[in-house]
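Chains as they are written, first to last, in our numbering: chain V, 1 to 261; chain D, 262 to 709.
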Amino acid sequence: MNQAPDSSVTKPTKLAAQIKDLTKHYVLKSETVRALRGISFDVPEGDYVAIMGPSGSGKSTLLNLLGCLDRPTAGNYVLGTDDVAQMTDDQLSEVRASRIGFVFQSYNLIAQLSVVENIEVPLYYMGQLNAKSRERSTQLATMVGLGERLGHRPPQLSGGQQQRVAIARSLVNDPYFILADEATGNLDSVTTEEILALFQRLNDEGRTIIMVTHEDEVSAHAKRVIWLRDGEIQSDEPVTERKVFTAEQIDAISKNAEVRH
Amino acid sequence: MRLFRTWKLGLKSLLLHPMRSALTVLGIFIGVASVIWLLAIGEGISREAQKQIEDLGAENIIVRSVKPPDTSSGNFSDIVDFGVTRAEAEMIRLTVPTLKGVVPIRELPQSFIYNGNKNAKPVDGRLVGCTPEYMEITRLVVDRGHFLTHRELDGKLSVCVISAVLANRLFPSEDPIGKQMYLPEKQEYFSIVGVLKERSATAAIGGSLAAQDFSLDVYIPITTMYQRMGDREVKRTGGSFSINSFQLSQITLQVAEVDDVPRTAKLIEATLRANSNGKERQDIAVVVPFELLEQARTTRLMFMMFMGLIAAISLIVGGIGIMNIMLATVTERTREIGIRRALGGKRSDITWQFLVETISLSVVGGLTGVLGGLLCPWAVSLARWSVAEFAPSFYQNLPEVAKIMSPQIVPESIPIAFFISVIVGVVFGIYPAIRAAKMDPIEALRHE
Ligand SMILES: Nc1ncnc2c1ncn2[C@@H]1O[C@H](COP(=O)(O)OP(=O)(O)OP(=O)(O)O)[C@@H](O)[C@H]1O
Ligand SMILES: [Mg+2]
Numbered sequence: 001m002n003q004a005p006d007s008s009v010t011k012p013t014k015l016a017a018q019i020k021d022l023t024k025h026y027v028l029k030s031e032t033v034r035a036l037r038g039i040s041f042d043v044p045e046g047d048y049v050a051i052m053g054p055s056g057s058g059k060s061t062l063l064n065l066l067g068c069l070d071r072p073t074a075g076n077y078v079l080g081t082d083d084v085a086q087m088t089d090d091q092l093s094e095v096r097a098s099r100i101g102f103v104f105q106s107y108n109l110i111a112q113l114s115v116v117e118n119i120e121v122p123l124y125y126m127g128q129l130n131a132k133s134r135e136r137s138t139q140l141a142t143m144v145g146l147g148e149r150l151g152h153r154p155p156q157l158s159g160g161q162q163q164r165v166a167i168a169r170s171l172v173n174d175p176y177f178i179l180a181d182e183a184t185g186n187l188d189s190v191t192t193e194e195i196l197a198l199f200q201r202l203n204d205e206g207r208t209i210i211m212v213t214h215e216d217e218v219s220a221h222a223k224r225v226i227w228l229r230d231g232e233i234q235s236d237e238p239v240t241e242r243k244v245f246t247a248e249q250i251d252a253i254s255k256n257a258e259v260r261h
Numbered sequence: 262m263r264l265f266r267t268w269k270l271g272l273k274s275l276l277l278h279p280m281r282s283a284l285t286v287l288g289i290f291i292g293v294a295s296v297i298w299l300l301a302i303g304e305g306i307s308r309e310a311q312k313q314i315e316d317l318g319a320e321n322i323i324v325r326s327v328k329p330p331d332t333s334s335g336n337f338s339d340i341v342d343f344g345v346t347r348a349e350a351e352m353i354r355l356t357v358p359t360l361k362g363v364v365p366i367r368e369l370p371q372s373f374i375y376n377g378n379k380n381a382k383p384v385d386g387r388l389v390g391c392t393p394e395y396m397e398i399t400r401l402v403v404d405r406g407h408f409l410t411h412r413e414l415d416g417k418l419s420v421c422v423i424s425a426v427l428a429n430r431l432f433p434s435e436d437p438i439g440k441q442m443y444l445p446e447k448q449e450y451f452s453i454v455g456v457l458k459e460r461s462a463t464a465a466i467g468g469s470l471a472a473q474d475f476s477l478d479v480y481i482p483i484t485t486m487y488q489r490m491g492d493r494e495v496k497r498t499g500g501s502f503s504i505n506s507f508q509l510s511q512i513t514l515q516v517a518e519v520d521d522v523p524r525t526a527k528l529i530e531a532t533l534r535a536n537s538n539g540k541e542r543q544d545i546a547v548v549v550p551f552e553l554l555e556q557a558r559t560t561r562l563m564f565m566m567f568m569g570l571i572a573a574i575s576l577i578v579g580g581i582g583i584m585n586i587m588l589a590t591v592t593e594r595t596r597e598i599g600i601r602r603a604l605g606g607k608r609s610d611i612t613w614q615f616l617v618e619t620i621s622l623s624v625v626g627g628l629t630g631v632l633g634g635l636l637c638p639w640a641v642s643l644a645r646w647s648v649a650e651f652a653p654s655f656y657q658n659l660p661e662v663a664k665i666m667s668p669q670i671v672p673e674s675i676p677i678a679f680f681i682s683v684i685v686g687v688v689f690g691i692y693p694a695i696r697a698a699k700m701d702p703i704e705a706l707r708h709e
């Protein structure tokens with residue numbers, strides 16, 4: 001599709017993101033919530049990270065910071081080569097449009113737009129909407145198995161299909177990484193498998209993926225798990241017994257997905 | 262390209278709620294249409310008023326005789342003596358240098374009948390004693406024959422000139438010229454020497470000058486009138502008699518230079534009022550169309566401003582409607598705003614997205630409003646026609662202006678109304694749009 005990213009897997013030294021002493025406090029009227037209390041880790045390109053931890057441990061807060069939806073109270077966050085902590089609101093918007101792909105638990109598609117139009121939204125904000133971009137969006141829709149449903153609107157699709165549209169959308173700007181906050185939280189186990197197979201395929205192609213999840217089933221597919229507790233990293237370890245879909249399985253699941261929906 | 266996209270998107274979301282959008286547009290439509298309507302009607306009314314005053318002649322001064330309030334006890338022998346006199350008219354003519362003409366007029370309600378058809382029902386009209394100059398001063402136009410001449414005036418001849426409507430009523434199939442007209446109340450005969458063209462009525466001006474309907478007039482030399490009928494009129498009201506004595510109903514004075522009108526009017530009024538030893542005279546009224554015209558112009562301005570104010574209020578109401586809807590829309594679409602921000606939409610993108618929607622609404626309202634405004638003259642005549650058709654008695658009671666006024670679209674009102682509507686869209690749309698843009702993306706995403 002676009003530049004072959006396979007090479008990056010062999011160069012793990014190149015970093016997609018560097019996080020150092022990242023702190024986030026929410027100042028409320030009566031108290032200050034210290035959601036993140038100094039978090040440091042690096043994300044090499046091509047990594048596949050699962051962030052886990054109990055409810056309220058700061059997973060979403062961290063992911064929002066990584067996604068440039070919010071600015072840290074203190075600490076550094078270097079995306080590629082730029083320190084995001086110092087950026088203005090408009091610059092953050094530009095970063096979100098051009099370098100980050102989001103996949104949300106509740107899909108977050110725009111109801112009045114069709115499948116392709118939804119995939120195109122980040123390009124619209126990058127000012128890169130043209131005939132070529134439409135072609136690319138169509139390709140992405142086909143890749144996630146929705147080539148036949150370009151003109152459909154989100155309410156006409158199943159949850160799994162909507163999530164696949166969201167994944168296609170997260171890829172359209174060729175991002176540094178894909179951020180997924182409980183992307184499979186609303187899906188049944190079969191559909192979860194489909195999405196995970198899709199993630200693995202993307203990761204195999206060189207995409208960096210960071211996902212938040214509660215389920216061991218899901219995190220077992222990642223290469224690395226970061227455990228958070230009370231806003232701090234409790235552990236950061238590679239997955240020893242990683243569950244991997246074989247190429248045949250990926251093919252089969254994709255085909256099944258086609259048949260099922 | 263991008264703007265076009267934004268616009269397309271805006272229209273799409275507006276069409277998602279067609280009813281809601283239509284109602285919002287309706288608010289602006291009414292505002293804009295009412296601007297154009299009110300200004301057009303205001304202009305129509307004031308033009309009509311001006312025309313009527315101009316019909317009286319801006320260079321004229323009118324002195325009317327006014328019957329003083331009834332002080333008599335209804336006694337038979339009471340004679341009410343009032344009004345301007347022939348002597349005063351002559352005095353004015355001889356002493357006031359700025360005048361070009363002095364026309365004494367005496368009017369009587371009278372019924373008329375064609376001598377050759379005496380069994381017919383008499384037609385009620387107005388007998389006007391006047392001089393040849395009356396024609397010019399009142400802007401009458403002769404259709405056939407001629408108006409009264411000085412020879413007829415000096416010779417006190419029994420001739421008359423009749424109006425077009427009367428001619429049609431009395432002589433439906435004959436040429437009235439040369440025929441005899443009979444006045445049953447006075448038992449007098451007049452031979453017809455001229456027929457006038459139709460002339461529109463003038464409305465009442467102020468309290469002192471009644472509406473003048475020229476349609477049933479018969480004009481005779483004032484000298485003849487005095488010789489044949491004298492100054493006294495017996496009036497029967499119920500069972501009692503009263504006798505009015507007046508020499509003239511009106512003197513119309515024509516001033517040579519319009520600029521001299523106010524000065525001359527003051528002089529004449531002062532002279533006439535002082536005439537009766539020390540006591541202010543109450544049996545005359547001086548009407549100065551020139552001053553009325555000036556007044557009418559200021560009144561027009563105030564009227565227009567007033568109309569403009571009402572229209573502005575309705576536009577503001579329309580704007581508030583837009584704002585209300587947009588605030589609801591913004592809340593309703595919080596989630597979408599969050600998604601768009603997360604996917605890279607800047608604050609300004611969100612502002613524009615909503616602003617484009619309000620501007621579209623107000624532009625559509627503005628355009629349709631202009632169209633609706635242009636229908637004003639047509640709609641007014643339709644309304645007038647239907648009132649006349651289905652509620653004739655109500656129509657009869659309408660004020661004269663309402664019957665004859667035709668709305669004049671003020672050309673400037675169209676662009677003004679349109680641009681105001683766009684501005685209203687922006688002004689009332691900007692707050693909801695900014696509110697949308699200010700939302701925290703994370704909060705917005707969490708909104709359900
Ligand atoms: N906008 C906010 N204002 C105040 N406190 C907040 C805000 N967002 C998050 N918090 C607090 O920060 C802490 C971390 O929240 P966060 O949403 O990151 O948890 P999480 O790990 O994603 O939990 P879950 O698994 O339930 O989604 C919590 O105590 C939460 O109450
Ligand atoms: Mg969370």
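Backbone N, C-alpha and C define an ideal beta-carbon position, used for all residues, glycine too.
Values in this document were obtained by computation on a predicted structure and should not be read as measured data.
Sub-8 Å separation of residue i and residue j beta-carbons
i	j	result
residue 162 of chain V	residue 154 of chain V	yes
residue 417 of chain D	residue 482 of chain D	yes
residue 48 of chain V	residue 222 of chain V	yes
residue 708 of chain D	residue 605 of chain D	no
residue 616 of chain D	residue 691 of chain D	yes
residue 305 of chain D	residue 668 of chain D	yes
residue 610 of chain D	residue 125 of chain V	yes
residue 36 of chain V	residue 53 of chain V	no
residue 129 of chain V	residue 120 of chain V	yes
residue 350 of chain D	residue 365 of chain D	yes
residue 411 of chain D	residue 454 of chain D	no
residue 587 of chain D	residue 693 of chain D	yes
Helix, strand or coil at residue i according to DSSP, with G and I counted as helix
i	result
residue 316 of chain D	helix
residue 457 of chain D	strand
residue 698 of chain D	helix
residue 586 of chain D	helix
residue 207 of chain V	coil
residue 121 of chain V	helix
residue 449 of chain D	strand
residue 76 of chain V	strand
residue 220 of chain V	coil
residue 181 of chain V	strand
Pairwise C-alpha distance: residue j and residue i
i	j	result
residue 507 of chain D	residue 340 of chain D	10 Å
residue 185 of chain V	residue 219 of chain V	12 Å
residue 109 of chain V	residue 132 of chain V	22 Å
residue 582 of chain D	residue 640 of chain D	26 Å
residue 562 of chain D	residue 323 of chain D	26 Å
residue 523 of chain D	residue 551 of chain D	8 Å
residue 591 of chain D	residue 276 of chain D	16 Å
residue 535 of chain D	residue 379 of chain D	48 Å
residue 211 of chain V	residue 82 of chain V	22 Å
residue 251 of chain V	residue 97 of chain V	31 Å
Closer than 9 Å at the beta carbon, the chain D residues around residue i
i	result
residue 126 of chain V	605
residue 282 of chain V	In the structure as shown, chain V starts at 1 and stops at 261, and residue 282 of chain V therefore has no counterpart that could be examined.
residue 76 of chain V	By Cβ distance, chain D contributes nothing, its closest Cβ being about 21 Å from residue 76 of chain V, past 9 Å.
residue 175 of chain V	Those within 9 Å of residue 175 of chain V in chain D number zero; the least Cβ separation is about 11 Å.
Chain V residues whose Cβ lies nearer than 9 Å to that of residue i
i	result
residue 274 of chain D	112
Under 7 Å from the C-beta of residue i: neighbouring residues of chain V
i	result
residue 558 of chain D	Those do not exist, as residue 558 of chain D stays about 56 Å from chain V at its closest Cβ, beyond 7 Å.
residue 600 of chain D	108 and 110
Within chain D, partners of residue i - CB distance below 7 Å
i	result
residue 97 of chain V	604 and 605
Cut-off 8 Å between Cβ atoms - residues of its own chain near residue i, not counting five sequence neighbours on either side
i	result
residue 479 of chain D	371, 373, 386, 387, 388, 389, 421, 422, 423, 424, 427, 442 and 451
residue 263 of chain D	none
residue 138 of chain V	116, 147 and 150
residue 683 of chain D	620, 623, 624 and 627
residue 196 of chain V	184, 218, 221 and 245
Own chain residues within Cβ distance below 6 Å of residue i, not counting five before or after
i	result
residue 311 of chain D	557
Proximal residues of chain D, C-beta to C-beta of residue i below 8 Å
i	result
residue 94 of chain V	605 and 607
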